[in-house]
Structure formats: C-alpha cells, structure tokens
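*Asks:*
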C-alpha cells in the first residue's frame with residue numbers, strides 16, 4: 018500500500034540522516050514531501066542541497082502516514098517552530114509513525130511526547146531525553162509504538178527498516 022511521508026527540513030541537517038530515509042521510503046513507492054519554514058534551497062552540514070516546496074504552515078498532518086525528523090543541527094532550529102511541534106503532537110496522538118535520529122530527539126522533547134517512552138539518540142543528548150521522561154537505550158534503533166529512533170548515521174539501515182515496518186503496520 019502506498020504511503021505519504023513528511024520529512025522536516027532546516028539548515029544544517031545531517032545529510033545522510035535526511036536523504037537515506039527519504040530514498041528508502043521512495044524505493045517502497047511512497048511519496049515523500051519535504052517541508053521547511055518556507056520553500057527554498059536548504060543545505061546539510063556537508064553542503065548537500067535540498068529543494069523544499071512546502072512550508073510547515075501548508076501541512077495538514079491528517080494527509081500523512083508518517084513523519085521523519087533528521088539529525089544534525091537542524092532539530093535545534095526545527096523545535097522553535099510552533100507549527101512543527103503541532104505536527105509532531107498531532108501525528109503522535111494519531112499513532113502515526115514518527116522517525117527521529119541523532120539530535121532529532123530535541124524536536125520530540127520540545128513537543129513533550131517522550132514521557133514514559135523508550136528511545137535512543139546520539140549519546141550527546143541522552144540526558145535531555147531522560148530529563149524529558151524517556152527511557153534512553155544505547156541501541157542502533159529503538160521502536161516504542163509509533164516512535165522509531167536511531168543513534169547516528171551508521172545505524173541508518175536498521176533505523177530505515179524499522180521506520181518502514183512501523184509505517185506498514187499502520
């Protein structure tokens with residue numbers, strides 16, 4: 018069954034953590050839309066460009082089956098947008114797949130959806146995750162209901178597989 022996935026974008030995303038899951042979902046035949054504060058060209062930490070045609074304000078979470086949040090420094094910017102936090106909260110309330118990797122946990126922390134959940138992330142934010150009420154595990158990927166989390170780029174194959182599996186269960 019075809020799915021529609023939303024990928025959040027902001028400057029300084031971790032290039033692999035944005036593009037690897039996007040391409041894996043597209044290989045499944047799914048539509049992946051990229052949204053940012055405003056349409057335009059964004060760049061990853063290593064300079065890989067990303068053309069975005071949708072604004073966060075254009076997004077209706079009801080139109081999507083899953084959400085991807087990349088790591089890098091983008092999550093620190095993404096969590097400052099009320100529209101992003103509302104998208105995350107609504108998709109979580111609806112039990113839709115939410116994939117977050119590396120520093121992307123900051124967005125879920127700011128959306129206040131981690132209390133009582135099992136997650137992983139880059140070890141650099143494990144205290145943030147714990148302080149938000151999550152149980153942090155040092156594993157390549159952790160699935161807790163609709164939330165799929167990964168640590169860092171070497172864990173992308175397991176993370177992407179788990180995200181796809183969770184989307185397919187919905």
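In the numbering used here, the protein residues as written are 18 to 187. For every residue, glycine included, the Cβ atom is placed at its ideal position computed from N, Cα and C.
(1) Name the two residues that bound the continuous beta strand (DSSP E) containing residue 117.
(2) Buried or exposed for residue 185, going by 16 or more other Cβ atoms inside 10 Å?
(3) Applying the 10 Å Cβ sphere with the 16-neighbour rule, what's the burial state of residue 70?
(4) Beta-carbon separation of residue 32 and residue 59 under 8 Å?
(5) If you follow the alpha helix (DSSP H) that residue 122 is in, where does it begin and where does it stop?
(6) Go through its chain and collect everything with a Cβ distance to residue 90's Cβ below 6 Å, but skip five positions before and after it.
(7) Around the C-beta of residue 40, are 16 or more other C-beta atoms found within 10 angstroms, so that it is buried, or is it exposed?
(8) Using only the alpha-carbon positions, how far apart do residue 98 and residue 81 sit?
(9) Spatial neighbours of residue 160 within its chain, please: CB distance less than 7 Å, with the 5 preceding and 5 following residues excluded, ordered by chain position.
(10) Count the C-beta pairs between the stretch 99-115 and the stretch 134-153 that are closer than 8 Å, then say yes if the count reaches three, no if not.
(11) According to DSSP, simplified to helix, strand and coil, what is residue 65?
(12) Just to confirm, are residue 116 and residue 170 a CB contact at a threshold of 8 Å?
*Replies:* Quick look at the numbers:
(1) 114-118
(2) exposed
(3) Residue 70 is exposed by the Cβ-count criterion.
(4) no
(5) Residue 122 -> alpha helix (DSSP H) spans 122-127.
(6) The beta carbon of residue 90 sits closer than 6 Å to those of 29, all from its chain and outside the five residues before and after it, given in chain order.
(7) Taking every protein chain shown into account, the CB of residue 40 has fewer than 16 other CB atoms within 10 angstroms, so this residue is exposed.
(8) Each residue's alpha carbon lies about 19 Å from the other.
(9) 179, 183
(10) no
(11) coil
(12) no
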